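*Asks:* So for the sequence shown, this note's numbering puts the first residue at 2; every next one is plus one.
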Amino acid sequence: VVVDNVSVGAISSYPFSNLTGNHTITAHFMTNPVLSLITTSPLPPAVVGAYYSQTLTVTGGIPTYTWSGAINPYVWSLKWGSMLPDGLTLNGTGVISGTPTQSAVGTRNFYVGVKAPDNSTGLWPLTISVSYTGNTVTFVAGINGSLTGATSQNVNYNGSTTAVTAVPATGYHFANWTG
2 VVVDNVSVGA ISSYPFSNLT GNHTITAHFM TNPVLSLITT SPLPPAVVGA YYSQTLTVTG
62 GIPTYTWSGA INPYVWSLKW GSMLPDGLTL NGTGVISGTP TQSAVGTRNF YVGVKAPDNS
122 TGLWPLTISV SYTGNTVTFV AGINGSLTGA TSQNVNYNGS TTAVTAVPAT GYHFANWTG
């Protein structure tokens with residue numbers, strides 16, 4: 002806002018008091034910058050049981066300053082009933098974080114929305130994949146016997162091993178598996 006050819010800053014109202022003459026006030030307007038998502042989709046993949054953190058970044062909008070001079074943050078949220086994989090959350094500052102659980106394995110599509118301090122908004126689809134590295138199962142033969150089959154196997158969540166057969170040495174018999 003310009004008052005008597007002097008800028009008084011970006012204010013939406015200006016009070017006059019003790020008027021003794023004519024004054025000219027010019028209010029300038031501009032379109033709000035479009036919000037643009039900088040973070041790309043798909044997001045980096047997550048792994049079950051490993052901590053995950055990804056910050057979503059946006060540009061645009063008109064920042065609003067608080068009395069301390071800090072810029073008010075953008076406010077993020079999930080939209081249209083979207084859900085993140087189990088174990089992950091989105092906070093209001095745009096950080097997706099947490100530790101994915103086994104039920105989160107797969108690819109999840111969701112929508113995030115953001116509101117800038119100037120009330121401009123944006124909505125974007127994102128995708129994240131959660132994988133499970135599996136469990137290692139190791140079969141070991143006790144003394145007086147041997148094993149046939151793959152004795153070290155990587156097994157996916159809810160998966161099964163391939164058959165391993167315990168073969169007793171002559172004069173012995175198979176008793177049981179332990180572990």
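Beta carbons are placed, not taken as given, at the ideal position from N, Cα and C, and that holds for glycine.
The structure presented is a predicted model; accordingly, all values stated were derived computationally and were not measured.
Can you tell me which of the three DSSP states residue 105 falls into?
*Replies:* It is helical.
*Asks:* With three or more C-beta pairs closer than 8 Å as the rule, is the region 88 to 103 touching the region 37 to 51?
*Replies:* Yes: at least three Cβ pairs fall under 8 Å.
*Asks:* Measuring alpha carbon to alpha carbon, tell me which of 171, 115, 39 and 26 ends up nearest residue 14.
*Replies:* If we check each option's Cα against that of residue 14, 26 comes out closest.
*Asks:* Hey, out of 165, 130 and 125, whose CA is closest to residue 81's CA?
*Replies:* Per the Cα distances, 125.
*Asks:* Kindly indicate which three-state DSSP category residue 110 falls into: helix, strand or coil?
*Replies:* If DSSP states are grouped into helix, strand and coil, residue 110 belongs with the strands.
*Asks:* Taking 8 Å as the threshold (C-beta atoms), are residue 85 and residue 111 in contact?
*Replies:* Yes, Cβ-Cβ distance for residue 111 and residue 85 is below 8 Å.
*Asks:* Spell out the partners DSSP gives residue 37 in its beta bridges.
*Replies:* Answer is 60.
*Asks:* Pick from 138, 166 and 142: whose alpha carbon is nearest that of residue 155?
*Replies:* For residue 155, the nearest C-alpha among the options comes from 138.
*Asks:* Taking 8 Å as the threshold (C-beta atoms), are residue 22 and residue 195 in contact?
*Replies:* Outside the displayed range of the chain (2 to 180) lies residue 195, so it cannot be described from this structure.
*Asks:* In the structure shown, what three-state DSSP assignment does residue 28 receive?
*Replies:* Correct three-state label for residue 28: coil.
*Asks:* Helix, strand or coil: how does DSSP classify residue 69 here?
*Replies:* Unreliable positioning characterises residue 69 in this predicted model, as indicated by a pLDDT of 41, which lies under 50. The coordinate reading is nonetheless provided below. Three-state result, residue 69: coil.
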